[in-house]
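Take our numbering: the last position of the sequence shown gets the number 549, and nothing is skipped along the way.
In this text, a Cβ means the ideal position worked out from N, Cα and C, and glycines have one as well.
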Amino acid sequence: MKTFSFEVVRGFFLQTDDLADPAVIGANPPAFGLKQTSSPTYWSDFKSSIAKLQSEAPKGVRYGVCWFGRHGQGWHNVAESLYGTKAWDEHWSLLNGDGKIVWGPDPELTDLGREQARAAHKGWVDELAKDDPVPLPTRLFSSPLSRAASTCDITFRGVLYDIKGKSDIVKPLVLENLREDIGEHTCDKRATKTEIQKAFPDFVIEPGFTEQDELWSERRETHEQITTRLRSVLDRIFAELLPEDETYFSITAHGGAIGAALGVLGHKPYALPTGGVIPVVIQATQN
263 MKTFSFEVVR GFFLQTDDLA DPAVIGANPP AFGLKQTSSP TYWSDFKSSI
313 AKLQSEAPKG VRYGVCWFGR HGQGWHNVAE SLYGTKAWDE HWSLLNGDGK
363 IVWGPDPELT DLGREQARAA HKGWVDELAK DDPVPLPTRL FSSPLSRAAS
413 TCDITFRGVL YDIKGKSDIV KPLVLENLRE DIGEHTCDKR ATKTEIQKAF
463 PDFVIEPGFT EQDELWSERR ETHEQITTRL RSVLDRIFAE LLPEDETYFS
513 ITAHGGAIGA ALGVLGHKPY ALPTGGVIPV VIQATQN
């Protein structure tokens, strides 16, 4: 498989600025944080800028625009907030629950988490309703964990698939390697393939996806390991899953996975809130 060196193309979105503060920008800023919005055709202007980059790119270089979406609040997030990160990491994360809250394996979204996912959905609907609409992703990629897949489903159902009176434009593709840090925490152990297919019948599961979770263990994945894993996902997307004539795609995943992906891209650290979206313009140079 081809591999790539990645860079972030700066200047398009607020989140890429050196002094960008996620707490100030918020989970779902207007126009996804696009900086140049004074023109009534700001999305057409953006698409023209990206098309110019593509057309002028030397051989072996291509550009992509990815909307990274973090899942909405899950029950494990509630527990970590309740007990504190230290006690969570050292004790509670190793259990399936505390007798009141169940957070493992593979916890679902809370009511707040679903509300956060609906806010992400509204972000797309609002920008699509403009006279000059946002460019839609032509590929959707999702973690297999329930909280991320549910967020992806709520975000894009009615936008890219399950649209009344229209054929589906694109369906989410589940990729094993988009899951959160693997191991130790029970919340990061996934459901079976059969359970995922039943819960998300509109999703496509990648070939080779095992019935049981064969990756989770009682040892936590290291930073270097998750970075290598997310690099392999980005390589695969640009080498195989995103055709040369397509530019826009979305990844719905987790704080740790998205953080690792941003690191691979050379993006500054960015603490994306639950339910938040961060778009990134990516330059991919084939090695």
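When secondary structure is reduced to three states using DSSP, Q298 falls in the coil class, being assigned neither helix nor strand. DSSP, read as helix, strand or coil, puts G385 in helix.
Annotation for T417: the continuous alpha helix (DSSP H) segment containing it runs S408 to F418. Between K392 and E483, the alpha-carbon positions lie close to 43 Å from each other.
Bounds of any alpha helix (DSSP H) do not take in P541; it lies within the beta strand (DSSP E) bounded by V539 to Q548. In the displayed model, F471 falls within coil according to three-state DSSP, outside both helix and strand. Contact between F500 and F266 holds, since their C-beta atoms are separated by about 5 Å, short of 8 Å. A direct Cα-Cα distance of roughly 30 Å separates V327 from P369. In the DSSP annotation of this structure, the continuous segment of the alpha helix (DSSP H) that includes E318 starts and ends at Y304 to E318. Separation of V542 and P434 (C-alpha to C-alpha, rounded to the nearest whole angstrom) is 19 Å.
For S494, the three-state secondary structure derived from DSSP is helix. Shortest Cα-Cα distance from A282 to any of Y532, G537 and G538 involves Y532. F500 sits in a helix when the DSSP states are folded into three classes. D360 counts as exposed, since fewer than 16 other C-beta atoms from the protein chains shown sit within 10 angstroms of its C-beta.
Where S267 is concerned, the enclosing beta strand (DSSP E) starts and stops at F266 to V270. C328 is bridged by DSSP to F511 and V542. Put simply, of L398, A381 and K297 the residue whose alpha carbon is nearest the alpha carbon of P535 is A381. If you draw a 10 Å sphere on the C-beta of I513, you find 16 or more other C-beta atoms in it, and that means buried.
Distance from the Cα of Y304 is smallest, within the candidate group K426, V396, K530 and V432, for V396. DSSP places L402 outside any alpha helix (DSSP H); the residue lies instead in the beta strand (DSSP E), whose first and last residues are R401 to S404. By the neighbour-count criterion, in which 16 or more other beta carbons inside 10 Å mark a residue as buried, H485 falls on the exposed side. Contact holds between the stretch 516 to 529 and the stretch 440 to 449, because three or more Cβ pairs, one in each stretch, are under 8 Å apart. In the DSSP assignment, N339 falls within the alpha helix (DSSP H) that extends over W337 to Y345.
In this structure the stretch 398 to 414 touches the stretch 371 to 378; the number of beta carbon pairs closer than 8 Å is three or more.
A Cβ-Cβ contact shorter than 8 Å links R401 with V432. Between W350 and A341 a beta carbon distance of about 7 Å is seen, short of the 8 Å cut, so the two are scored as contacting. Taking all protein chains shown into account, Q277 has 16 or more neighbouring C-beta atoms within 10 Å of its C-beta and is therefore buried. Nearest to K362 by alpha-carbon distance, out of I488, T347, H338 and V495, is H338. Judged by their CB atoms, F274 and F308 are nearer to each other than the 8 Å cut-off. In this structure, S306 is the residue among T299, S306, W478 and K321 with its C-alpha nearest to the C-alpha of D394.
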